[in-house]
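**Student:** Residue numbers (the numbering used here): 791 to 1173. Think of the CB as a built atom: it goes at the ideal place given N, C-alpha and C, for glycine as much as any other residue. What follows is a structure written as structure tokens; I'll ask about it next.
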């Protein structure tokens, strides 16, 4: 669909030259990220987001049948090497290493262990995935990462991470920026909900967030946190902090006005305060037009019905606001406005501003400072 960046991706085959065209595995409700032809042209190998993983699949070119070869982990960089498939894979406990399987998905082999020595010296929290009934009683997936040196007899504060996109996913991966092990290493339990709008659960699930940013996702977040606290009695429901970036930052501002009594503190990285004005200063104009149902002048209600700026009067939760000067997706004035609102309302707040970062914090020294500041803020309010 034109102007929709999170639409489903298809694999199209065309006879060459000038032959007919067909969609391969049209009923397979996943979006392949990369593809590799098998050695005889009978199979295409592809990776795709899949239920909180990025799995590896084999697709029969003639029949369109799809077989899962590697289900768990985050698979990337697929390549053929003789009669084997080589790929990178990372998980919530391991950075990328290279692995291989045969063309049928059997006989797995580990090729590299580049990070083994450093991992042996690092404490990692164990993780698990569970499901709960979210909006409309539909199944929603959630990851939990336990604190390092976990003791089930203790009570732990909770870091509730909210992903961006909004059509994204935290998933079973080892990330340089929003890595839950950072919080687990500081003694926090980590909860990550793949709310309605996330990818890897079918296109209808992804589409469901359009024109409803503050509706279904917030209901999923509320139900997901409640489900985690009920399932894991060692989580301290009285000491929960919520953190998010990009759409997650928007959601932090939305939570501040719609769920103001739940969290000890909030962290908002590059999040919109005013969705209406954000249309006019972002560099990605087609995106809000799709997700909010048009332009602000043709459909003002689409921008105002779930606009955080309209509920600043409800704010009361301490918030750390983070922004980069080079962010042209969510412009710095959105962060300044959020911080000004907090200050004028007398809410404990702090602004962390990076003159040399964009929508992400990419420079290593800035990343260290980011993590020190964020963890210090969480410690201040939850410990």
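Is it buried or exposed for residue 926, if we count other Cβ within 10 angstroms and need 16 for buried?
**Tutor:** As a first step, residue 926 must be located in the chain shown, where it is residue number 136. Result: exposed.
**Student:** Determine the extent of the alpha helix (DSSP H) in which residue 1015 is found, giving its start and end residues.
**Tutor:** On the chain shown, position 225 is the one that residue 1015 refers to. Counting along the chain, the alpha helix (DSSP H) containing residue 1015 begins and ends at 1006 to 1021.
**Student:** Report, in whole angstroms, the separation of the C-beta atoms of residue 890 and residue 905, which I expect to be a contact under 8 Å.
**Tutor:** Working through the chain shown from its first residue, we reach residue 890 at position 100. Working through the chain shown from its first residue, we reach residue 905 at position 115. Actually they do not touch by this definition, with Cβ atoms about 18 Å apart.
**Student:** Sort 1044, 1032, 806 and 932 by Cα distance to residue 951 and report the nearest one.
**Tutor:** Numbered from 1 along the chain shown, position 161 holds the residue referred to as residue 951. Cα-wise, what sits closest to residue 951 is 1032.
**Student:** Take residue 1093 as the anchor and find which of 902, 1080 and 943 has the nearest alpha-carbon.
**Tutor:** Here residue 1093 refers to the residue found at position 303 of the chain shown. When each option's Cα is compared against that of residue 1093, the closest is 1080.
**Student:** Whole angstroms are fine: how far does the CA of residue 953 sit from the CA of residue 829?
**Tutor:** Stepping through the chain shown from its first residue, residue 829 is reached at position 39. Stepping through the chain shown from its first residue, residue 953 is reached at position 163. Looking at the two C-alpha atoms, the distance is approximately 38 Å.
**Student:** If we call anything under 7 Å between Cβ atoms a contact, is residue 917 one with residue 935?
**Tutor:** Indexing the chain shown from 1 puts residue 917 at position 127. Indexing the chain shown from 1 puts residue 935 at position 145. Yes. Within cutoff.
**Student:** Using a Cβ-Cβ cutoff of less than 8 Å, which residues in the same chain neighbour residue 1169 once the five nearest sequence positions on both sides are dropped?
**Tutor:** As a working note, residue 1169 is residue 379 in the chain shown. Answer for residue 1169: 976, listed in chain order.
**Student:** Quick check: does the Cβ of residue 942 come within less than 6 Å of any heavy atom belonging to the ligand NAD?
**Tutor:** Absence of the ligand NAD is noted for the structure shown, with no ligands found whatsoever.
**Student:** What is the rounded straight-line gap between the Cα of residue 847 and the Cα of residue 835?
**Tutor:** The residue labelled residue 847 in the question sits at position 57 within the chain shown. The residue labelled residue 835 in the question sits at position 45 within the chain shown. Their backbone Cα atoms lie some 6 Å apart in a straight line.
**Student:** Quick test of the definition: if touching needs 3 or more C-beta pairs under 8 Å, does the segment 847 to 861 touch the segment 984 to 999?
**Tutor:** no
**Student:** Express the C-alpha separation of residue 956 and residue 991 in angstroms, rounding to a whole number.
**Tutor:** Along the chain shown, read from residue 1 onward, the residue named residue 991 stands at position 201. Along the chain shown, read from residue 1 onward, the residue named residue 956 stands at position 166. Cα to Cα, residue 991 sits roughly 14 Å from residue 956.
**Student:** Enumerated in chain order, which unbroken segments of the alpha helix (DSSP H) with a length of 4 residues or greater are wholly contained in the segment 1118 to 1169?
**Tutor:** 1122 to 1134
**Student:** Quick one: is residue 1059 buried, meaning 16 or more other Cβ sit within 10 Å of its Cβ, or exposed?
**Tutor:** One-based indexing of the chain shown puts residue 1059 at position 269. With 16 or more other Cβ atoms within 10 Å, it is buried.
**Student:** Starting from the C-beta of residue 826, find all residues in its chain whose C-beta is less than 8 Å away, skip the five residues before and the five after it, and write them out in chain order.
**Tutor:** Locating residue 826 in the chain shown gives position 36, counting from the first residue. Only 834, 835, 836, 868, 869, 870 and 875 meet the Cβ criterion.
**Student:** DSSP three-state label for residue 918, please.
**Tutor:** Counted from its first residue, the chain shown places residue 918 at position 128. In this structure, residue 918 counts as strand in the three-state DSSP scheme.
**Student:** Would you call the segment 1099 to 1106 and the segment 1044 to 1053 touching, i.e. three or more CB-CB distances under 8 Å?
**Tutor:** Cβ pair count under 8 Å is three or more, so yes.
**Student:** Does residue 1038 come out as helix, strand or coil in the three-state DSSP assignment?
**Tutor:** On the chain shown, position 248 is the one that residue 1038 refers to. Annotated three-state conformation of residue 1038 is helix, per DSSP.
**Student:** For residue 880, count neighbouring C-beta atoms within 10 Å of its own C-beta (all shown protein chains included) and say buried if the count is 16 or more, exposed if not.
**Tutor:** Against the chain shown, residue 880 aligns to sequence position 90. Per the 10 Å Cβ criterion, buried.
**Student:** Report the three-state DSSP secondary structure of residue 1031 (helix, strand or coil).
**Tutor:** On the chain shown, position 241 is the one that residue 1031 refers to. In the structure shown, residue 1031 sits in a strand (DSSP, three-state: E or B).
**Student:** So residue 970 and residue 987 are in contact, right, with Cβ under 8 Å, and what is the actual spacing, rounded?
**Tutor:** Position 180 of the chain shown, counted from the start, is the residue given in the question as residue 970. Position 197 of the chain shown, counted from the start, is the residue given in the question as residue 987. At roughly 20 Å, the Cβ-Cβ gap does not stay under 8 Å, so residue 970 and residue 987 are not in contact.
**Student:** From residue 1061 to residue 1071, what distance separates their C-alpha atoms?
**Tutor:** Counting from 1 along the chain shown, the entry for residue 1061 is found at position 271. Counting from 1 along the chain shown, the entry for residue 1071 is found at position 281. Whole-angstrom Cα-Cα distance: 13 Å.
**Student:** Suppose the cutoff is 6 Å on Cβ atoms and the five residues either side in sequence are ignored; what does the same chain contact list for residue 1124 look like?
**Tutor:** To locate residue 1124, count along the chain shown from 1; it is residue 334. So the list reads 1062 and 1063, once near-sequence residues are dropped.
**Student:** Using the rule of at least 16 other Cβ atoms within 10 Å of the residue's Cβ for burial, across every protein chain shown, is residue 800 buried or exposed?
**Tutor:** In the chain shown, the residue the question calls residue 800 occupies position 10. When all chains shown are included, residue 800 counts as exposed.
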